[in-house]
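So the protein lines, in turn, are chains B and Z. Each step along the first sequence adds one to the number in the numbering used here, with nothing skipped, and position 266 is 266. For any residue, its number in the numbering used here is found by taking its place in the second sequence, counting from 1, and adding 282. The beta-carbon is built from N, C-alpha and C at its ideal position, and this holds for glycine as well. Worksheet: one structure, shown below.
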Amino acid sequence: MTVALRPTSLSEALDALGANGAVAVAGCTDLMVVDHAPARAHATVVDLSRLPELRGVREDSGGLWIGAATTFAELRESKLVRERFPIVAEMAGTIGALQIQNRATVGGNIANASPAGDSLPVWMALDAEVEIAGRSGSRRVPYDEMHRAYRETALAPGELIVGLRLPAADEALEQRFRKVGTRAAQAISKVVVALAARVHGDELHGLRIAAGSVAPTPVRLRAAEALVEGQPLTPDLAAAAGLAAAREVTPIDDVRSTADYRRFVLARTVRRMLLACQGGEA
Amino acid sequence: MTTWNVRVNGREVSVEAPPMARVLDVLRESLGLTGSKEGCGEGECGSCTVLLDGRPTCACLVPIFQVEGRELCTVEGVAGTELDPLQRVMIEAGGVQCGACTPGIVVSLRALLDRDPRPTRAAVRESIAGNLCRCTGYERILRAVEELVGSEEADA
Ligand SMILES: Cc1cc2nc3c(=O)[nH]c(=O)nc-3n(C[C@H](O)[C@H](O)[C@H](O)COP(=O)(O)OP(=O)(O)OC[C@H]3O[C@@H](n4cnc5c(N)ncnc54)[C@H](O)[C@@H]3O)c2cc1C
Ligand code: FES
Ligand code: FES
């Protein structure tokens, strides 16, 4: 039978995870799904919900620190998050439905590493840094380097995500998020896009666009970014960037959508999000 | 087997179960609280919705060991000895048809109304967006809530 451990400190949790076959559990919204029922037969499960080191949302040198055990409901409710990073709150409100948001955690979403994970492009667009701890110490990984291959992250066995650092956002930071699914609640994304940039007149600077469900991992849309960066943003340029985005991704056909549809929707979504930065169509 | 201590519907209970047993099974099989239903078993349908420390949660996705020392409220706890006014209006407005979704919907709505006694229609809709109903088309459920809280406020 499974042994369930409920450590109350990070070091205790890391020690427990050193054991053979030990698995970390947070909100269990991925782990407890019936398809994964064998997961419930793990030798040891290590609960992360009581680790103070993984909890909370705080100010961090002008930016924000978000604990890995923070739930999406807590993100939505956080005044700091809503004020500084409205797209984080917006994204949190699109995860499953309230029952899921009340349990699902940021760390679980990242570690589960589904290509359709809705928070992942947001962290990427906001240039987050992931704080990781293991028994031999802790390190920081830029979000761009977090997802290595399909469902493969930069986490080594036994390591935990402790939290995320989001760099300071000023008033000029435009942030956009768009999730395309079959309905508002409980939909796995067909395409999900997040964008951040600073607006100078009719130009976007430091533009970062990231997308999910269009490749084996969440990806930066670098070709689209390069076209738009520092250029006067016209409707034609936005359209060209959308098409560049569609060309640089590698979506698949699956039960939720087709590769062609995903490319088509991505192109339009990117175009519209860019124009929305200038107060154009949303 | 391990013994878990949980507060269920205001009462302290001790129950034996393996740590990864689903709260839904413990409620239904060990505690005889069969109000919470299993629809999908994967968090999609909301028919197993219970409150965990006051927040709507899918009981099919919570292992019992994580609720040690915490508080659960099921539809049986909403009703008490008499029907909750919400349950009465649900029945009167035709918000209950086959009834499979009803316990989950009642729990979700009760949680909303406890937090916000005058919710907007959008808030009511969001509160049950994770509860699938195949029968009513939701309109009668929304009307039931409006009847309870006063329709003007609810439309605001
Ligand atoms: C009905 C339903 C709807 C959903 N809708 C969405 C949706 O709209 N968008 C979306 O993106 N996802 C969705 N999900 C998926 C899921 O809710 C999220 O991926 C969630 O964030 C997982 O977090 P958790 O805390 O529940 O993870 P758990 O299930 O507890 O864990 C998932 C994995 O992450 C590991 N893990 C957890 N925390 C850490 C940590 N701090 N460090 C290292 N590893 C860790 C665990 O070991 C496990 O491998 C949905 C799931 C369900 C059941
Ligand atoms: S049975 Fe739990 S959500 Fe469907
Ligand atoms: S009344 Fe039948 S599913 Fe809702």
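Distance, residue j Cα to residue i Cα
i      : j      : result
B/L293 : B/F72  : The requested residue 293 of chain B is not part of the displayed model; chain B covers only 1 to 282.
B/L64  : B/L75  : 12 Å
B/A156 : B/A16  : 15 Å
B/A197 : B/T234 : 16 Å
Z/Q348 : B/R271 : 45 Å
B/P251 : B/R263 : 7 Å
B/A24  : B/F177 : 30 Å
B/D202 : B/E152 : 39 Å
B/D253 : B/P115 : 13 Å
Z/A436 : Z/Y420 : Note that Z/A436 has pLDDT 44, beneath the 50 cutoff, so the model's placement of it is unreliable and no number is given.
Z/E434 : B/A276 : Per-residue confidence for Z/E434 stands at a pLDDT of 48, beneath the threshold of 50, marking its modelled position as unreliable; the derived number appears in the next sentence. Going by the C-alpha atoms only, they are around 34 Å apart.
Z/C330 : Z/C415 : 13 Å
B/P142 : Z/S296 : 46 Å
B/G18  : B/A244 : 45 Å
Z/G321 : Z/V308 : 16 Å
B/V46  : Z/G336 : 24 Å
Z/D396 : B/S78  : 20 Å
Contact set for residue i: own chain, Cβ-Cβ below 8 Å, skip 5 residues either direction
i      : result
Z/E324 : C342, L343
B/T269 : R178, V180, V191, V193, G242
B/L173 : A196, A197, R198
B/L283 : There is simply no residue 283 of chain B to check, as chain B begins at 1 and stops at 282 in what is shown.
B/A149 : P216, T217
B/Q101 : T71, F72, A73, R76, A92, G93, I95
B/T8   : R50, L51, P52
Residue closest to residue i, alpha-carbon to alpha-carbon, out of the options
i      : options                        : result
B/G158 : B/R6, B/V3, B/A22              : B/A22
Z/M372 : Z/R425, Z/S409, Z/I346         : Z/R425
B/I166 : B/G27, B/E131, B/S9            : The question names Ile, but residue 166 of chain B is Leu in the sequence shown. Nearest C-alpha to B/L166: B/E131.
B/G96  : B/D118, B/D236, B/L173         : B/D118
B/H205 : B/A224, B/S78, B/S49           : B/A224
B/A239 : B/N20, B/L274, B/R176          : B/L274
B/S49  : Z/E350, Z/S318, Z/L309         : Z/E350
Z/A405 : B/L98, B/N109, B/L120, B/T8    : B/L98
B/R140 : B/A113, B/I161, B/E152, B/L227 : B/I161
B/I188 : B/D170, B/M32, B/M91           : B/M91
B/S138 : B/L164, B/D127, B/Y150, B/P115 : B/L164
B/V249 : B/V265, B/A133, B/H200, B/G107 : B/V265
B/S136 : B/A215, B/L126, B/S11, B/V3    : B/S11
Z/T285 : Z/L306, Z/T363, Z/S312, Z/G292 : Z/S312
B/A211 : B/P121, B/A276, B/A267         : B/P121
Z/E429 : Z/E364, Z/E374, Z/C415         : Z/E374
B/E59  : B/M32, B/A169, B/Q278          : B/A169
B/V3   : Z/D335, Z/C327, Z/P345         : Z/P345
Z/P399 : Z/G377, Z/G376, Z/L368         : Z/L368
B/R256 : B/P232, B/S213, B/A246, B/R247 : B/S213
B/A69  : B/P86, B/R103, B/T44           : B/R103
Z/A361 : Z/C340, Z/T384, Z/T339         : Z/T384
Same chain only: Cβ atoms within 6 Å of residue i, ignoring 5 sequence neighbours per side
i      : result
Z/I410 : I387, S390
Z/Q379 : C417, T418
B/A185 : A97
Z/R289 : E353
Z/R304 : C342
B/G279 : none
Proximity test, residue i beta-carbon vs ligand 5 heavy atom, cut-off 6 Å
i      : result
Z/E311 : No copy of ligand 5 appears in this structure; the ligands present are ligand 1, ligand 2 and ligand 3.
Exposed unless 16 or more other CB atoms sit within 10 angstroms - verdict on residue i
i      : result
Z/G432 : exposed
B/N109 : buried
Z/N413 : buried
B/M1   : exposed
Z/M302 : buried
B/E129 : buried
Z/R392 : buried
B/H147 : buried
B/S61  : exposed
Z/M283 : exposed
B/G27  : buried
Neighbourhood of residue i by C-beta distance below 7 Å, restricted to the same chain and skipping five residues each side
i      : result
B/A89  : L75, R76, V81, R82
B/D144 : M124, R220
Z/N291 : C355, T356, E358, G359
Z/T316 : R310
B/H42  : T2, G21, V23
Z/R422 : A375, G376, G377
B/R283 : Not covered by the structure: residue 283 of chain B. The range shown for chain B is 1 to 282.
Within chain C, the residues that residue i reaches when beta carbons sit closer than 8 Å
i      : result
Z/S409 : This model lacks chain C altogether, as its protein chains are B and Z.
Quick check on the DSSP output: what are the complete alpha helix (DSSP H) runs of length 4 or more inside the region 157-239 of chain B, in order along the chain? 222-228
If we require 4 or more residues per run, which alpha helix (DSSP H) segments fall completely within the region 49-86 of chain B? At a cut-off of 4 residues, the continuous stretches assigned as alpha helix (DSSP H) that sit fully inside the region 49-86 of chain B are 72-77, 79-84.
In chain order, what are the residue ranges of uninterrupted alpha helix (DSSP H) at least 4 long that sit wholly in the region 288-329 of chain Z? For the alpha helix (DSSP H) assignment, the region 288-329 of chain Z encloses no uninterrupted run of at least 4 residues.
Identify every run of the alpha helix (DSSP H) within the region 332-379 of chain Z, keeping only runs that are complete inside it and at least 4 residues long; order them along the chain. 357-361, 367-374
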